[in-house]
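S.K.:
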Amino acid sequence: MQIDEKESTMDRVKVGLAKRYRREKRFRLFGLGAIVASISFLGLLFVTIGANGWSAFQQTEILLDISFDGEQFDVDNLSSANYGALVKNSMRSLFPEVKGRTDKRKLYKLVSTGASYVLRKMVREDTGIIGTTMKIWLPADDEVDMFLKGYIQRDVPESDRRLSDKQVDWIDRLVADNRLEKKLNTTFFTAGDSREPELAGIRGAVVGSLFTLAVTLLLAFPIGVATAVYLEEFAPRNKWTDLIEVNINNLAAVPSIVFGLLGLAVFLNVLGMPRSAPLVGGLVLTLMTLPTIIIASRASLKSVPPSIREAALGVGASKMQAITHHILPLALPGMMTGTIIGMAQALGETAPLLMIGMVAFIVDVSGSVTDPSTVLPVQIYLWADSPERAFVERTSAAIMILLAFLISMNAIAVFLRRKFERRW
Amino acid sequence: MSASFFLVILLGLASLAYMQGKRRAFSVAGGVTGSASLHSRPGYYGMLTAVWCVLPALLIFGFWMAFSDSILTGLALKTLPASMQGLSADQSNLLVNDLRNLVAGHVAARDIDPVLQQAALQYQGMERIGRIALGVVMLSMALFSASFVYIRIRPEMRARNHVERIVQGGLVLCSTIAILTTIGIVLSVLFESIRFFQHISVTDFLFGLKWSPQMAMRADQAGSSGSFGAVPVLAGTFMISGIALTVAVPIGLMSAIYLSEYASSQVRAWAKPIMEILAGVPTVVYGFFAALVVAPFIRNGGGMFGLNVSSESALAAGLVMGIMIIPFVSSLSDDVINAVPQAMRDGSYGLGATKSETITNVIIPAALPGIVGGVLLAASRAIGETMIVVMAAGLSANLTANPLQAVTTVTVQIVTLLVGDQEFDSPKTLVAFALGLLLFIVTLFLNVVALYIVRKYREEYE
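Heads up: the sequence lines are chains S and R, in that order. Oh and the first sequence: position 11 is 873 in our numbering, straight run, nothing missing. Oh and the second sequence: position 380 is 521 in our numbering, straight run, nothing missing.
(1) Can you check which of these residues, R:T557, R:V330 and R:A410, is closest to N1131 (chain S) by C-alpha distance?
(2) Would P162 (chain R) and A191 (chain R) qualify as a contact pair, given that the criterion is a beta-carbon distance under 8 Å?
(3) Determine which residues share a DSSP beta bridge with P1001 (chain S) and list them.
(4) Which chain R residues are close to M1008 (chain S), counting only those with a beta carbon under 9 Å from its beta carbon?
(5) Nearest-angstrom Cα distance between G266 (chain R) and L926 (chain S)?
(6) For N588 (chain R), would you say it is in contact with chain S, using Cβ-to-Cβ distances shorter than 8 Å as the test?
(7) Whole-angstrom Cβ separation of A534 (chain R) and V548 (chain R), contact assumed at under 8 Å?
(8) Give me the Cβ distance between L1278 (chain S) and T1199 (chain S), rounded to the nearest whole Å; I'm assuming they're in contact under 8 Å.
(9) Going by C-alpha distance, which of R:V290, R:V313 and R:K219 is nearest H303 (chain R)?
(10) Can you pull the chain R neighbours of Y1243 (chain S), defined as C-beta to C-beta under 9 Å?
(11) Bridge partners of T995 (chain S), per DSSP?
(12) Check A547 (chain R) in the structure and name its three-state DSSP category.
(13) State yes or no: is the beta carbon of R301 (chain R) nearer than 8 Å to at least one beta carbon in chain S?
(14) Consult DSSP for S489 (chain R) and reduce its assignment to one of helix, strand or coil.
(15) What residue range is occupied by the uninterrupted beta strand (DSSP E) comprising K1045 (chain S)?
(16) Hey, would you say L1209 (chain S) sits closer than 8 Å to S1071 (chain S), going by beta carbons?
(17) If you measure between the beta carbons of A1139 (chain S) and G1196 (chain S), is that distance less than 8 Å?
(18) For E1058 (chain S), tell me which candidate among S:F1253, S:R1280, S:V1018 and S:I1261 has the shortest Cα-Cα distance.
(19) Which residues, in chain order, does the region 298-331 of chain R contribute to contact with chain S at a C-beta distance below 7 Å?
(20) Check whether the Cβ atoms of L394 (chain R) and S474 (chain R) lie closer than 8 Å to each other.
(21) Would you check if the region 1055-1069 of chain S and the region 1230-1243 of chain S touch, i.e. whether three or more CB-CB distances between them fall below 8 Å?
(22) What three-state label does DSSP hand S1056 (chain S) in the structure shown?
(23) Please tell me whether I1170 (chain S) and H1188 (chain S) are closer than 8 Å, where the distance is taken between their beta carbons.
(24) Which runs of the alpha helix (DSSP H) fall wholly inside the region 503-581 of chain R and span at least 4 residues, in chain order?
(25) Any beta carbon of chain R sitting closer than 8 Å to that of G893 (chain S)?
(26) Is the beta carbon of G463 (chain R) sitting closer than 8 Å to the one on V553 (chain R)?
(27) Does DSSP put S1230 (chain S) in a helix, in a strand, or in coil?
(28) Does the beta-carbon distance from V470 (chain R) to V516 (chain R) come in below 8 Å?
(29) At the level of alpha carbons, what is the spacing between Y593 (chain R) and I478 (chain R)?
(30) Taking just the CA atoms, how far does T1148 (chain S) sit from G1176 (chain S)?
(31) Threshold first: 4 residues or longer. Then list the alpha helix (DSSP H) segments lying entirely within the region 238-298 of chain R, N to C.
(32) In the DSSP assignment, find the unbroken alpha helix (DSSP H) run with R164 (chain R) in it and report its ends.
(33) Anything in chain S within Cβ reach of S396 (chain R), meaning under 7 Å, just list it in chain order.
(34) Whose C-alpha, out of S:N1111, S:A1115, S:P1117 and S:G1143, is nearest the C-alpha of S1126 (chain S)?
(35) Cβ closer than 7 Å: which chain R residues qualify as neighbours of I991 (chain S)?
(36) Along the chain, where does the alpha helix (DSSP H) that runs through D988 (chain S) open and close?
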């Protein structure tokens, strides 16, 4: 009877065993699948951005023989000359058979409207070129650029294409003459925003981002560290400090757009600060990143062993001296790591900056923290909204730049942590 | 002479004060040999002098910066003739704006009233005088307070304690900024919301079924009823967040389980940082990805099955948002799973349970409160997320349960209503603040509950 019962238990276990092992295996595969899924999402994201964006670093340029006709220029007023006509003349001489206004207009459209600015700049820098004829590489129109990069297909019907059959013919002839080439896109790095994709660059946005981050860093780091030091080293345990702590934890989870509403209502409407300025953007981002910095700094202060504090106090240092001479230097790498991570957050933030008007279309590169400006993520948002096909690759390229900044900031943070990490 | 110029001078004065204070400390103590008789180290005497040199002057400077504009504007308006005073609030606002533009040198296109021009000139003149006065007052205050401390330096003066007290006061001041921020947020959204609720009743806002914030300019205009029922907007928000959570919770939880229970330490060392990158990618990038890749993919996929999918479907935005919050769920779950005591696992293994049975029957139930807290935090993150929905979800407020249709969210509406030129007296703009208040309350509630659960849970195993 006893033996019988024991056997039956073992049997029951054995019967179910294969099934349980299968379930175990399945569960494990689910787990692995979840990780593979999230990593492949990330991979897909990066590959899409990279595949769309790499071509933006090249820009089609067109080689034209420009004759700087002396009659066109008034030496005292160089900007009055009709630089567009120089380009048009040159195009006409390349394609003398093109007649009729519509056809001519189509022909001129192959060259970017920015070509005349390039010529104007050349003449301004060296008036000696007036009267000569030069071969100059000028930016081509974005549609030509898209065609050469293969985004506009040749075999679709003419009505579905942004370029007409005639224009495609001309482009083919230009390519055959080696007059149309893809070159390194320097405009993208040196220009501000523009409605024309071939003239649009990220410099204005990068400078705006740098100004905004500088303001954020200058305010958030000292205030964050000071708050952390107070809460960790001086604050008595009472209701007031509890309130501050709960507050900081909650602020860390408040949606970023709410900080934008605060900026709009307080900084712009009540205090009357300028719209679209990196100064206000920096203030809003300071409030947003403060909780991150405070929390990281407190963790870093906590990790300094009490023996160091006690040794300093023991040899007669005041509390403040123990902190400034011994604890802060030891906690600083951790604080800096937290600050860099907070700065990376601030660099990628868009929504609150839309609220304070940093979404305006600004062509000039700003020169100070109160000039209107835009920032890199907002520029990405603006370009992503633009209908031109050429802005898709520029958006992706701007994202690549932004990600490059973020990755290097995070790499610095990781490096700092590795280098200064101490086990006590 | 710009204002920053004064600050540079002040900085120079401060360093001078530091050196003089330090030297004076040595001299009253009778040279280097006698410096042992000083109460504090000589540097502290210098620091005290410098601090007193800077602080009062900075206070004056800050006061001027904050109030000069309103004082000067008021004075300039007083010079206007009686006919231009005593206008309604709107008109005088307009007047003040014109004045500011004139002062800033933005030439208005229309003709300028010579009286106003006179007032602007007056403003500029007073500003110039005011600035010079500011410089004189600031710098003399700095000199006065620094020398006040300077002549008081004695060996028995407790300079270090003074300096430390001032520094500590600064620390306290910094730590109140967190509180001030919260108060600022609450007040700013509350004030504008109250102004909104003077136009539209609270019940109409919270329970109204129609959202169409565009106000009619003329009475006969069609399609602009100006109705502010938040229900469709809230429904859209919850639908997109729901989709995001159905993506993120299983994936995040399973990857946390795999990483903490199955993966070797090497796999863990690689996979964890890679997953963290997902959290570090800016949301505007996700938004672009959703609009460029995911939305067309879903539309084409739906088209193959004969479904009519909107190009701004809730599904696309929700899916991408789900990917974004995977790391929140996984890292928070990872923490709580690791906090489950090893003894509980060992007990389960000892009874013959397989690893997956231990996880589903022992670890997850034990870690459940923490996991729920993490999911709530992720939900609050999803509700407050802006850029993905702005770029991938639509503007049309459909009250629908179909994830293939376009819906709109609270954050999208805030952005569309507040970006661009605003007039702060129409319900159309003010409703954005009411939505912001709603958003703040909902996320605050979720956060408080989540933080409470997580803290309670942690205490249980510590």
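Note that the Cβ used here is the ideal one computed from N, Cα and C, for glycine as well. Keep in mind that this is a model prediction, so the values were computed, not measured.
M.R.: Reading it off the structure:
(1) For the residues R:T557, R:V330 and R:A410, the minimum Cα distance to N1131 (chain S) belongs to R:V330.
(2) Note that residue 162 (chain R) is Gly in the sequence shown, not Pro. Closer than 8 Å, so yes.
(3) Secondary-structure assignment with DSSP links P1001 (chain S) through a beta bridge to S:E923.
(4) Near M1008 (chain S) there are no residues of chain R at all, since even the closest Cβ is about 16 Å away, more than 9 Å.
(5) Cα to Cα, G266 (chain R) sits roughly 56 Å from L926 (chain S).
(6) So yes, N588 (chain R) belongs to the interface.
(7) With a Cβ gap of about 6 Å, A534 (chain R) and V548 (chain R) count as contacting.
(8) Sure, about 5 Å apart at Cβ, within 8 Å.
(9) That would be R:V290, whose Cα lies nearest to the Cα of H303 (chain R).
(10) What Y1243 (chain S) touches in chain R: V425, G428, F429, M528, V531 and M532.
(11) According to DSSP, which records beta bridges pairwise, T995 (chain S) is partnered with S:S929.
(12) DSSP places A547 (chain R) in strand when its eight states are reduced to three.
(13) True, the Cβ-Cβ gap to chain S drops below 8 Å.
(14) Helix at S489 (chain R).
(15) L1042 to L1046 is the span of the beta strand (DSSP E), which, as asked, contains K1045 (chain S).
(16) Yes; because the gap between Cβ atoms is below 8 Å, this pair is in contact.
(17) No, the Cβ-Cβ distance between A1139 (chain S) and G1196 (chain S) is not below 8 Å.
(18) Residue S:F1253 holds the alpha-carbon nearest to the alpha-carbon of E1058 (chain S) among S:F1253, S:R1280, S:V1018 and S:I1261.
(19) If the cut-off is 7 Å between Cβ atoms, the region 298-331 of chain R has R301, E305, V308, Q309, G311, L312, V313, C315, S316, I318, A319, I320, T322, T323, G325, I326, S329 and V330 near chain S.
(20) Yes, the Cβ-Cβ distance between L394 (chain R) and S474 (chain R) is below 8 Å.
(21) Yes, the region 1230-1243 of chain S touches the region 1055-1069 of chain S.
(22) Coil at S1056 (chain S), not helix or strand.
(23) Contact: yes.
(24) For the region 503-581 of chain R, whole alpha helix (DSSP H) runs of length 4 or above, ordered along the chain, are 505-525, 528-533 and 551-559.
(25) Taking CB atoms only, G893 (chain S) has a neighbour in chain R less than 8 Å away.
(26) Taking 8 Å as the Cβ cut-off, G463 (chain R) and V553 (chain R) do not qualify as a contacting pair.
(27) Coil at S1230 (chain S), not helix or strand.
(28) Yes.
(29) C-alpha separation (whole angstroms): 18 Å.
(30) Computed Cα separation, rounded: 38 Å.
(31) Counting only runs of at least 4 residues, the region 238-298 of chain R fully encloses the following alpha helix (DSSP H) elements, listed from N- to C-terminal order: 255-292.
(32) Judged by DSSP secondary structure, R164 (chain R) falls within the alpha helix (DSSP H) whose first and last residues are A144 to A170.
(33) Those are G893, A896, I897 and S900, listed as they occur along chain S.
(34) Sequence check: residue 1126 (chain S) is Leu here, not Ser. Ranking S:N1111, S:A1115, S:P1117 and S:G1143 by Cα distance to L1126 (chain S) puts S:G1143 first.
(35) Neighbourhood of I991 (chain S) in chain R, by CB distance below 7 Å: empty, with the nearest CB roughly 37 Å away.
(36) Run containing D988 (chain S): none; DSSP gives neither H nor E here.
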